[in-house]
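Scroll down for the structure; my scribbles are underneath it.
Protein chains: 2
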Amino acid sequence: MTKTKPPQALSAADQKAAILREDRRVTSYDVAMLAGVSQSAVSRCFKPGASVSKATYARVMQAAEGLGYIPNAAARSLITRRSNTVALLISNASNLYYPEALSELSQQITRHGKRALLFTMQSESDVGEILNDVWQYQVDGVIAAAALSEAQIAECERRRVPLVVFNRHLRDSHVASVFCDQYEAGRMLAARLAAAGHRQFGIIAGPEESVVASERRRGASDKLLELGLPAPALAYGCFDYGSGAHGLRQIIAQLGRAPDAIICGNDVMALGCLDHARHELRLDVPGELSVAGFDAVEPSNWLSYNLTTLRQPIQKMALAAADLLASLIDAPCGGAEKRVFAPQLIEGATARLTPRPTALAA
Amino acid sequence: MTKTKPPQALSAADQKAAILREDRRVTSYDVAMLAGVSQSAVSRCFKPGASVSKATYARVMQAAEGLGYIPNAAARSLITRRSNTVALLISNASNLYYPEALSELSQQITRHGKRALLFTMQSESDVGEILNDVWQYQVDGVIAAAALSEAQIAECERRRVPLVVFNRHLRDSHVASVFCDQYEAGRMLAARLAAAGHRQFGIIAGPEESVVASERRRGASDKLLELGLPAPALAYGCFDYGSGAHGLRQIIAQLGRAPDAIICGNDVMALGCLDHARHELRLDVPGELSVAGFDAVEPSNWLSYNLTTLRQPIQKMALAAADLLASLIDAPCGGAEKRVFAPQLIEGATARLTPRPTALAA
DNA sequence: TTGTATGCGTTATCAT
DNA sequence: ATGATAACGCATACAA
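Just so you know, the protein sequences line up as chains Y and A, in that order.
Every letter in the first sequence is one number past the one before it in the UniProt record's numbering, and letter 168, counting from 1, is 168.
Every letter in the second sequence is one number past the one before it in the UniProt record's numbering, and letter 169, counting from 1, is 169.
Quick look at the structure:
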């Protein structure tokens, strides 16, 4: 009969027996047994910077390799209180801009040795229900590309889950956040277009419940008001291509004619507006009508468009968000740092950005 | 002195003490204490379909509510061997097509009560390293929008992690998968264009390491060969906009003139090719040159383009993938079901799809 | 450096 | 229907 520990047992046989016979997954105990060390020794081998002798490390690693052992994150997180997981809250991608953000954020989160757990939602108003799902996963932190209410932010704090708000400026609350100043961006675009001599504006704003959309709209409106220009014609869309054409028609109906310039709440609507103007209304853009958007999504740069738009430095923002969250995770005491990025004007060729030569000059 | 359990103690005080005093997170024990039941009773209340009396259920839930208790998924998964998590392997989104797939897949995974853990990679060849990360998270399953090697598939099996391959047809292996037949799609497109009288073709294929890209290319090439048409001029791109222009230039250089039709490995390259042809080479598309792509990404449908392309039913595919994985998770015995979807031709207006009126007809 | 023993928070098994 | 108790797989304090 084989005793429990025959000194010269075939380790290969042991291993095969352990792994093949049972349905069980291999644990650190299995590795320990095979390597002839204690379970804690195995554990230490997988903890960077733990004190293990070279010899045991080698034997443990060999055994682990042989068994295909990988530490169980669930068990580990139970004791370390770290899941190496970050919740990524993001509203659905009809925007064509979120995919880029999503990809960048995922990338950056990975750089910090964590993985993104994806929580997509149809509308930003679904955040509430989503959050309840988030908690049980014991994420180390949350990056929210959505507007949270004060109560929701408070709950994050209460649960001691670090939170970084991405691309949303929650003015009054002191939560960590990374964003472009959309209000300022709206002002900037309006100012630039006004300086070029445009007087009658149209604005195709994004959905009313979107903070980004309303900031952009407010910024533009306020600036135009300050400059003493006529009130802009206003239409609302839902950030999609079709909204651009629809918004343009509404604005023309309101004014009885095409405006001098149209500011769209994002690029996709701007492209829709542009195409409708050019291909269906036969308007000369930018000769008769200037069109501008926000985001500098990839297609805005294509030869057929070359859209005038404001770029957000998404990559830098994603980097900042991940870094900020990581620092918050490491030192939960950290204050509510806000990192503001400046949008960059892409001049493009769909808006006239210099004054027309005047008749006087002739 | 207060005893351990004073019958008429202030439950509110107890609760505050428990939650405020310590840094600890609230556990089912806390809830049990507050509700005056055993911990296992609490556990049962959070398990759908367990046998609990209405009375205790109510008291437990009230206590849980008061404490903000949420079951800890890590602890749960340790014993249930379910993390309610699915790994989503996806190569980076320069493709402009993956974002849609990603969003849909996430959506559908959620429908099954699970969440997507995101593993993005720069290139499909990174799958190997990524997989090692995947295992430790104890995911319930894997959806891979990338090509896996036989060894990698075998490892999934060995670890008993259900796997569904998305949008990749691994011909020889019997792994569960959901895909369009890209080879057939390539043939279909080539056949249709050839029937319209195009003779000299150019192909701007996607990256050589992409299975999808090479299937499309092979399909088109094979069909042209079968039809006895001249060998197509071939260029390779990396699925991005710039590759379209670059590929077109290469092909023209090879042939000494523009081909009759160009088949591009995806829409983004097709749009790049189209724009280059129209705006820089001043070619009439589809008068002098037909251009077609694959995927029917959103911009392909915009007024400026109206691209001839083949649509993949991504939503249906995502639904199928999630369902398939879910069934595999519930019944690991399941065979390697494959679900093939047919691409749908979007006729568009960038390729001539009917024969030219012949001189004879005049 | 190494091994022993304990606990993380839950579910599951078994009595009652 | 309910409560005691034993896992689940790992990390850590402590003793050696």
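Beta carbons are placed, not taken as given, at the ideal position from N, Cα and C, and that holds for glycine.
As the structure is a prediction and not an experimental result, all values here were calculated from the model.
Between 351(Y), 322(Y), 271(Y) and 350(Y), which lies nearest to residue 108(Y) when the distance is taken from Cα to Cα? It is 322(Y).
Any beta-carbon of chain A closer than 7 Å to the one on residue 115(Y)? Taking Cβ atoms only, chain A reaches closer than 7 Å to residue 115(Y), which makes this a yes.
Could you give the uninterrupted runs of the alpha helix (DSSP H) lying entirely in the region 83 to 152 of chain A, keeping only those of 4 residues or more? 98 to 111 and 127 to 136
Please classify residue 69(Y): does DSSP put it in a helix, a strand, or coil? The answer is coil: DSSP assigns residue 69(Y) none of H, G, I, E or B.
What three-state label does DSSP hand residue 289(Y) in the structure shown? The DSSP-derived three-state label of residue 289(Y) is coil.
Below 7 Å between beta carbons: does that hold for residue 263(A) and residue 310(A)? no
If you measure between the beta carbons of residue 291(A) and residue 350(A), is that distance less than 7 Å? In contact: residue 291(A) and residue 350(A) (Cβ atoms closer than 7 Å).
Using the Cα positions of residue 224(A) and residue 344(A), report the straight-line distance between them to the nearest angstrom. 20 Å
Please confirm whether residue 281(Y) has its beta-carbon closer than 7 Å to some beta-carbon of chain A. no
Within chain A, partners of residue 294(Y) - CB distance below 7 Å: The contacting residues do not exist; residue 294(Y) stays about 17 Å from chain A at best.
Do you know how far the Cα of residue 352(A) is from the Cα of residue 361(A)? Reliability fails at residue 361(A), whose pLDDT of 48 lies under 50, so the model's placement of it is uncertain and no value is given.
Distance CB(residue 98(A))-CB(residue 90(A)) smaller than 7 Å: Going by C-beta atoms, residue 98(A) is nearer than 7 Å to residue 90(A).
Below-7 Å beta-carbon distance, residue 74(Y) vs any chain A residue: yes
Near residue 137(A), what residues of its chain come up, given a Cβ to Cβ distance below 8 Å and the 5 sequence neighbours on each side ignored? Excluding positions up to five away in sequence, the list reads 83, 85, 87 and 117.
With a threshold of 16 other CB atoms inside 10 Å of the CB of residue 357(Y), please say whether the residue is buried or exposed. Residue 357(Y) is exposed by the Cβ-count criterion.
Proximal residues of chain Y, C-beta to C-beta of residue 275(A) below 8 Å: Contacts between residue 275(A) and chain Y, judged by CB atoms closer than 8 Å, involve 302, 303 and 304 in chain order.
How about residue 181(A) and residue 340(A): are their beta carbons less than 7 Å apart? yes
Can you name the start and end residues of the beta strand (DSSP E) that residue 241(A) belongs to? From DSSP, residue 241(A) is part of no beta strand (DSSP E) but of the alpha helix (DSSP H) over 241 to 255.
List, in chain order, every chain Y residue whose beta-carbon is nearer than 7 Å to that of residue 138(A). 72, 73 and 74
Between residue 294(Y) and residue 147(Y), what straight-line distance do the alpha-carbon atoms span, to the nearest angstrom? One Cα belongs to residue 294(Y), the other to residue 147(Y), and the distance between them is close to 19 Å.
Starting from residue 236(Y), trace the beta strand (DSSP E) in both directions and tell me its first and last residue. Under the DSSP assignment, residue 236(Y) falls in the beta strand (DSSP E) whose first and last residues are 233 to 236.
Secondary structure of residue 63(Y), DSSP reduced to three states: helix
Can you give me the C-alpha to C-alpha distance between residue 4(A) and residue 30(A), rounded to a whole angstrom? Here the model assigns residue 4(A) a pLDDT of 37, short of 50, so the residue's position is not dependable, and the following value carries that caveat. Rounded to whole angstroms, the separation of the alpha carbons of residue 30(A) and residue 4(A) is 14 Å.
Around the Cβ of residue 382(A), are there at least 16 other Cβ atoms within 10 angstroms (buried) or fewer (exposed)? Because chain A spans 1 through 362 in this model, residue 382(A) falls outside it and cannot be assessed.
For the alpha helix (DSSP H) containing residue 339(Y), list its first residue and its last residue. Segment 338 to 341 is the beta strand (DSSP E) holding residue 339(Y); no alpha helix (DSSP H) there.
Mapping DSSP to helix, strand and coil, what is residue 180(A)? strand
Within the same chain, show all residues whose beta-carbon is closer than 7 Å to that of residue 92(A), passing over the 5 residues directly before and after it, in chain order. Shown here for residue 92(A): same chain residues with a beta carbon closer than 7 Å to its own, the five before and five after excluded, namely 120, 121 and 122 in chain order.
Expressed to the nearest angstrom, what Euclidean distance is found between the alpha-carbon atoms of residue 131(A) and residue 159(A)? One C-alpha to the other measures close to 12 Å.
I'd like the list of long-range same chain contacts for residue 57(Y), defined as Cβ closer than 7 Å, with 5 residues on each side in sequence excluded. 45
Use the C-beta contact count for residue 105(Y): other C-beta atoms within 10 angstroms, 16 or more gives buried, fewer gives exposed. Within a 10 Å sphere around the beta-carbon of residue 105(Y) sit 16 or more other beta-carbons, which makes this residue buried.
How long is the line joining the alpha carbons of residue 272(Y) and residue 247(Y), rounded to whole angstroms? Rounded to whole angstroms, the gap between the alpha carbons of residue 272(Y) and residue 247(Y) is 9 Å.
If we count Cβ pairs, one from each stretch, closer than 8 Å, do we get three or more for the region 210 to 225 of chain Y versus the region 241 to 261 of chain Y? no
Tell me residue 166(A)'s beta-bridge partners as DSSP assigns them. Assignment of beta-bridge partners to residue 166(A) by DSSP yields 178(A).
Whose Cβ in chain Y lies nearer than 7 Å to the Cβ of residue 107(A)? 120
How many Å lie between residue 276(Y) and residue 103(A) at the Cα? 28 Å
In its own chain, which residues sit with a C-beta less than 7 Å from the C-beta of residue 347(A), not counting the 5 before and 5 after it? 308 and 353
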